[in-house]
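Heads up, the thing below is written out as structure tokens.
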Amino acid sequence: MITLNVDLGERSYPIFIGQQLLGDAERVSPCIAGTQVMIVTNETIAPLYLDRTLQAFTDYDPAHVILPDGEQYKTLEILNRIFDELLVQHFDRHSTLVALGGGVIGDMTGFAAACYQRGVDFIQIPTTLLAQVDSSVGGKTGVNHPQGKNMIGAFHQPRCVIVDTDTLKTLDDRQLSAGLAEIIKYGLIRDHDFIAWLEQNMDRLLARDPEATAYAIETSCRSKAAIVAADEKESGVRALLNLGHTFGHAIETGAGYGHWLHGEAVGTGMLMAADLSMRQGWLSEQDVLRVENLLDKAELPTRAPHNMSYERFMELMAVDKKVRAGQVNLVLLKSLGEAVVTADFEPALLRETVEAHRATE
Ligand SMILES: NC(=O)c1ccc[n+]([C@@H]2O[C@H](COP(=O)([O-])OP(=O)(O)OC[C@H]3O[C@@H](n4cnc5c(N)ncnc54)[C@H](O)[C@@H]3O)[C@@H](O)[C@H]2O)c1
Ligand SMILES: O=C(O)C(=O)C[C@@H](O)[C@H](O)[C@H](O)COP(=O)(O)O
Ligand SMILES: [Zn+2]
């Protein structure tokens with residue numbers, strides 16, 4: 155087992171990465187302050203992993219709540235089901251919530267924990283590759299609004315993150331690829347060597363080779379932990395973790411939540427960011443081809459929906475959280491492995507990027 159630390163002073167917490175960790179009471183006990191525990195999961199994950207997870211919490215006689223499965227249910231309305239259950243069962247402000255699932259369950263459980271009685275503890279037990287390399291770490295929690303992704307939320311750090319890589323055995327191939335998009339992101343924003351490693355090892359990751367997978371998860375979590383420790387609430391460097399997300403969130407919202415997976419939209423968004431960086435004169439055509447080849451190898455889409463015009467992109471991107479005084483900021487690439495946040499791009503070049511990356515009908 156590997157243990158990493160997210161260094162945030164009194165809010166610091168460990169990330170445990172290994173096998174057979176779901177029922178491991180030794181890991182979770184130090185992260186629980188009170189006596190009441192509620193596991194939040196969904197209807198797909200419960201039959202697979204709820205019983206095993208409950209074993210880690212037997213000392214607390216844990217309750218559980220099972221939500222419907224899907225990005226379209228990451229809403230305030232469904233969030234209320236968690237609050238209803240907590241209140242019916244008289245959970246107090248020393249309770250601990252446990253997120254057992256992918257990024258949707260993690261974001262919703264974390265937000266419920268941030269709000270319930272003005273804030274209770276929570277633990278992340280991520281079960282998708284995407285959640286294991288990204289969403290379970292860093293304390294961004296929230297729900298979607300029909301007009302934009304993650305628009306209602308809070309920063310609220312978990313007490314620990316438990317990554318049991320065995321859970322990936324039941325994940326389908328499309329979801330695995332979605333997780334690979336966020337892994338590729340860490341290479342593109344700040345780690346050129348990791349890009350080269352991914353180019354060499356993508357076949358092993360797709361084949362679920364345990365050693366390669368563990369290395370990719372560890373490298374990603376290390377990178378995210380360092381960025382979050384440097385800038386917990388995204389006033390600077392943390393915004394680089396948004397590479398591909400301004401385009402990607404527009405695609406997710408525009409297509410209707412759940413049609414494009416988050417990782418798929420981010421993958422296409424990263425290629426669009428690379429393409430605009432080339433049009434700005436920062437990347438070469440060869441660099442952009444490397445990004446596209448890596449996404450192709452990871453079996454990710456690289457073209458936005460054909461009905462998403464430049465105007466539609468601009469309308470959806472106008473609510474991005476990096477907008478300042480009405481100005482869209484994008485994460486672009488100065489070189490492969492070096493990202494910047496900038497408002498310094500030509501609208502005409504952005505239009506060219508959008509038009510070059512729309513699927514043909
Ligand atoms: N908070 C953050 O920093 C952050 C970072 C990245 C993404 N996100 C958010 O995370 C969400 C995407 O997360 P995701 O990709 O994990 O999607 P998800 O949570 O919808 O999970 C994907 C699918 O896999 C199923 N599943 C989960 N674990 C499984 C397993 N072990 N075996 C079989 N099926 C399993 C789920 O039930 C679901 O159907 C988006 O809402 C995105 O905005 C948040
Ligand atoms: O942790 C972060 O910071 C990220 O930006 C990680 C992203 O992968 C994630 O999708 C995040 O939820 C996007 O944040 P948002 O603030 O643009 O909603
Ligand atoms: Zn993301």
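The sequence shown runs 155 to 515 under our numbering.
Don't be surprised by glycine CBs; every beta carbon is placed ideally from N, CA and C.
Taking the C-alpha atoms as reference points, what is the distance between residue 512 and residue 505? Roughly 11 Å between the two C-alpha positions.
What residue range does the beta strand (DSSP E) around residue 489 cover? Residues 484-489.
Should the stretch 337-353 be called in touch with the stretch 313-323, which here means at least 3 C-beta pairs below 8 Å? By the Cβ test, the stretch 337-353 is not in contact with the stretch 313-323, since fewer than three Cβ pairs between them sit closer than 8 Å.
I'd like the span of the beta strand (DSSP E) that includes residue 533, first residue to last. Summary: the structure shown does not reach residue 533, with the chain confined to residues 155 through 515, and so no result is reported for it.
When you measure from the CB of residue 207 to every non-hydrogen atom of ligand 1, does any distance come out below 6 Å? No, ligand 1 has no heavy atom inside 6 Å of this Cβ.
Less than 6 Å separating the Cβ of residue 387 from some heavy atom of ligand 2? Not so, every heavy atom of ligand 2 lies at least 6 Å from the Cβ.
Bridge partner(s) assigned by DSSP for residue 159: Note: residue 159 sits in a beta bridge opposite 168.
Using beta-carbon positions only, say whether residue 309 and residue 293 come within less than 7 Å of one another. Closer than 7 Å, so yes.
Residue 257 versus residue 213 - alpha carbon distance: The alpha-carbon atoms of residue 257 and residue 213 are separated by roughly 27 Å.
Taking CB distances under 7 Å as the criterion, tell me whether residue 444 reaches chain C. Absent here is chain C; the protein component of the structure consists of one chain.
How many whole angstroms separate the CB atoms of residue 326 and residue 289, which I take to be in contact at a CB cut-off of 8 Å? Contact doesn't hold; Cβ gap of about 18 Å is too wide.
Quick one: measure Cβ to Cβ for residue 171 and residue 368, integer angstroms, because I've assumed they're closer than 8 Å. Contact holds; Cβ gap of about 7 Å.
Let's test the definition: count the other Cβ atoms within 10 Å of the Cβ of residue 394 and tell me whether it reaches 16, buried, or not, exposed. Answer is buried; the Cβ neighbour count reaches 16.
Would you kindly work out how many angstroms separate the C-alpha atoms of residue 177 and residue 208, rounded to a whole number? The alpha-carbon separation between residue 177 and residue 208 amounts to approximately 7 Å.
For my contact list, residue 96 and residue 265 are in at a C-beta cut-off of 8 Å; report their separation, rounded to the angstrom. Outside the shown range of the chain, which is 155 to 515, sits residue 96, and nothing can be said about it.
So does residue 488 have its beta carbon nearer than 6 Å to some heavy atom of ligand 1? Not one heavy atom of ligand 1 sits closer than 6 Å to the Cβ of residue 488.
Output needed for residue 195: all residues of its chain with C-beta closer than 7 Å, excluding positions within five of it in sequence on either side, in chain order. Around residue 195: 204, 218, 220, 254, 255, 259.
Mind reading off the beta-carbon distance from residue 437 to residue 360? Whole number of angstroms is fine, and I expect it under 8 Å. So it is not a contact: roughly 26 Å between Cβ atoms.
Do residue 467 and residue 495 count as a contact pair if the criterion is CB distance below 7 Å? Going by C-beta atoms, residue 495 is not nearer than 7 Å to residue 467.
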